[in-house]
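Reading the sequence shown from the start, the letters are residues 11 to 528 in the working numbering.
Beta carbons are placed, not taken as given, at the ideal position from N, Cα and C, and that holds for glycine.
Report on one structure; see the data block that follows.
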Amino acid sequence: MPAIIPKPVIGLITSATMLRLLVAAALPLGIDESYAAVVSRTLSLSYFDHPPAVFWMAHAAAWLGGESPFSLRWPFVLLFALTSGLLYLLTARLFGARAGFWATLAAQVIPVFSLSSGSWVLPDGPLLCGSVAAALALSHAASVSRTDADGVHTAATHRTTWTPWLLLGLALGLAGLSKYHAALLGLGVAVFVLTDRGSRRSLGTVPPYVAVLIALLCVVPVFVWNAQHEWVSFRFQAGRAAGSGSPVTALLQNLAGQAGYVLPWFWVPLVFVMVRGLRAGPTRRMTWFCCCLGAAPVLVFTLASLGGRAGLPHWPAPGFFLLLPLLGDATARWELRTPQTARRSMTGAVVMFVALLGIVVSHAATGWVANVVPSLHTRDPAFELLEYRSLRDSLTARGLLAPARFIATADWMRAAKIGYALGPARPVLVLNDDARHFRFAFDADTVVARDGLLLLKVPSNVTGDSATVLAAPQRSRFERLEYVGVMPVLRGADTALTLAVFTAWQLRRGWSLPSAVR
């Protein structure tokens, strides 16, 4: 790596990696991370929400070092360091070393990349690594570079070089094992090969078809698991696009979410270079290459919001990541025109990111921002980072955690947090239509006729009678429910939320969800 990547870029990636390792140790797990940690305790060919890569990585990390936040996150932090190096190599190949530096710097200070994909136990980490590796492999396979802007050497390269195509297949396979977004990456590869004059020659050779075969073989576990479970994962993901809200409102929410996750001062230029590249078309080969690979997730998940559902703001992020080479090129050109302005602006972006990071970490630990913005007391995004250790300590102190008792709750997010806090020895059941992979991670038949604890989120001022009323929908699943009391989940010395605790006597057989959601 030192012989290929310049020392300043290595220093940049190393410094950013050290910072992310500190954040990985400082922040508690989020809901999705806790969920991944809990359901990955049971290995599976694939999982309800996503293909298996993130869960396999979480399982391996827990096996190596336990389930502390740092132990689970460090592989994802190091993986993003590799991803950043590959991004530099791709951008430098297409647009030059300065563009590579600026693209790599942007990746370190855009939160949805540096934090969400680069630090947390989420499928986006391996997806981005597979995506940029696929882009780099394709750039070699199709001879896309500054030195071969017209692809005139492509045909000869295809006749003699198998390696880039084989690596492309493996990289697409890694992406496919990470997230279903990889289908759009594969589509982008196909669009580029079909529309690029030099690349079309490769379709008369064997290596591209071998690459497709390798990619498909890599994702066989995903198809096998889905075939065994009535294609439930595909049906679930396909249904997430439907909505009943206002198309205009959903679109505006979607765009605002994108801008917030990417940060407006990066999001606007990324959208601009994407639109400009799409308008130019295949005539500008390197630009068209990036647009073919990156534009599909941005366009698909933005336009999907016109169906009335805003979707999640990070869904287009893999596309924006593959547009970073264009941003790096634009920044390098800006630097040539006005060096001081460009460098000061990027320095300001770094300072802003570090400041935002400090706010997030300190607020997650103390909740101080809610004292400045009172509305956050009820709608605080940092609630996702709450630790439930106080609940574990309270249950233990009251002698409620008998070894044979399972845990039941009414939603998968609460189950993820509780299951992570209580450790791997205790089964967690979700008594709700939306049970996610909890439906498959724990065999409910093994706890039929056993006693457990039912934990439900309730208002902080709840009485015993009203808590019992709230638990009524779950009563038929057990022989008897006995109200124990309420227990707070603390953030510092403050109560962040309140859980009602019931002893659930003898889980009845046949409590399972309808077969349509199994």
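{"Asked": "Beta-carbon contacts of A109 that lie in its chain and below 6 angstroms, excluding the five residues immediately before and after", "Found": "T101, G338, D339 and A342"}
{"Asked": "Element boundaries [alpha helix (DSSP H), containing G462]", "Found": "Careful: G462 lies outside any alpha helix (DSSP H), inside the beta strand (DSSP E) at G462 to V468."}
{"Asked": "Per DSSP, the bridge partner or partners of M497", "Found": "L509"}
{"Asked": "Helix, strand or coil at I417 [DSSP, three-state]", "Found": "strand"}
{"Asked": "Identified DSSP bridge partners for G488", "Found": "Checking the sequence, you will find Phe at residue 488 rather than Gly. L517, per the DSSP bridge assignment."}
{"Asked": "Proximity below 8 angstroms, CB of V511 to CB of F299", "Found": "no"}
{"Asked": "Anticipated Cβ contact below 8 angstroms, M356 with L115, distance rounded", "Found": "6 angstroms"}
{"Asked": "Simplified DSSP assignment, three categories, for V216", "Found": "coil"}
{"Asked": "Outcome for P307 when other beta-carbon atoms lying within 10 angstroms are tallied against a minimum of 16", "Found": "buried"}
{"Asked": "Closer than 7 angstroms: H373 CB and nearest the ligand MG heavy atom", "Found": "Inclusion of the ligand MG in the displayed structure is not the case, the ligand content being empty and no account of it being possible."}
{"Asked": "Residue(s) in a DSSP beta bridge with L439", "Found": "A418"}
{"Asked": "Rounded separation between Y430 and V49 - CA only", "Found": "10 angstroms"}
{"Asked": "Proximity to H60 [Cα-Cα], best of G474, P231, T93 and T312", "Found": "P231"}
{"Asked": "Range of the contiguous alpha helix (DSSP H) that encloses Y353", "Found": "Note on identity: in this sequence residue 353 is Arg, with Tyr being the wrong assignment. Segment P349 to T376, the alpha helix (DSSP H) holding R353."}
{"Asked": "Reduced DSSP secondary structure (H/G/I, E/B, other) of D42", "Found": "helix"}
{"Asked": "Beta-carbon proximity of A151 to L96, cut-off 8 angstroms", "Found": "no"}
{"Asked": "Buried versus exposed, by CB contacts within 10 Å (16 or more), F105", "Found": "buried"}
{"Asked": "First and last residue of the uninterrupted alpha helix (DSSP H) at R446", "Found": "Unbroken run through R446: none, as it is neither H nor E."}
{"Asked": "Span separating the alpha-carbon of A70 from that of R211", "Found": "42 angstroms"}
{"Asked": "D403 in three-state terms, based on DSSP", "Found": "helix"}
{"Asked": "Residues near W277 in its chain [Cβ-Cβ closer than 7 angstroms; skip 5 each side]", "Found": "Q268 and A269"}
{"Asked": "Cβ pair count under 8 angstroms reaching 3, the segment 68-82 against the segment 118-125", "Found": "no"}
{"Asked": "Run of the alpha helix (DSSP H) containing Y57, from where it starts to where it stops", "Found": "Element bounds for Y57: n/a, residue is neither H nor E."}
{"Asked": "Where D134 sits in the DSSP three-state scheme", "Found": "helix"}
{"Asked": "Same chain, Cβ closer than 7 angstroms to W545, five either side skipped, listed in chain order", "Found": "The question about residue 545 has no answer, for the chain in this structure spans 11 to 528."}
{"Asked": "For D504: DSSP bridge partner residues", "Found": "R501"}
{"Asked": "Residue range of the unbroken alpha helix (DSSP H) whose run includes P307", "Found": "R295 to L313"}
{"Asked": "Spatial neighbours of A320 in its chain, beta-carbon cut-off 6 angstroms, leaving aside the 5 residues before and after", "Found": "A260, Q263 and N264"}
{"Asked": "K427 (DSSP reduced to helix, strand or coil)", "Found": "helix"}
{"Asked": "Y190 - DSSP class collapsed to helix/strand/coil", "Found": "coil"}
{"Asked": "Beta-carbon contacts of Y271 that lie in its chain and below 7 angstroms, excluding the five residues immediately before and after", "Found": "P121, V122, P323, H324 and A327"}
{"Asked": "Closest residue to S54 among T351, L366, L187 and V364 (Cα-Cα distance)", "Found": "L187"}
{"Asked": "Cutoff 8 angstroms; reference A246; Cβ partners in own chain excluding five residues on either side", "Found": "The sequence given here places Phe at residue 246; Ala does not occur at that position. Closer than 8 angstroms at the Cβ level, and outside the excluded window around F246, lie F58 and D59."}
{"Asked": "Cutoff 7 angstroms; reference R490; Cβ partners in own chain excluding five residues on either side", "Found": "W515"}
{"Asked": "Residues of its chain near A35, where Cβ-Cβ distance is below 6 angstroms and the 5 sequence neighbours each way are ignored", "Found": "F80"}
{"Asked": "D443, buried or exposed, once every other Cβ within 10 Å from all chains shown has been counted against 16", "Found": "exposed"}
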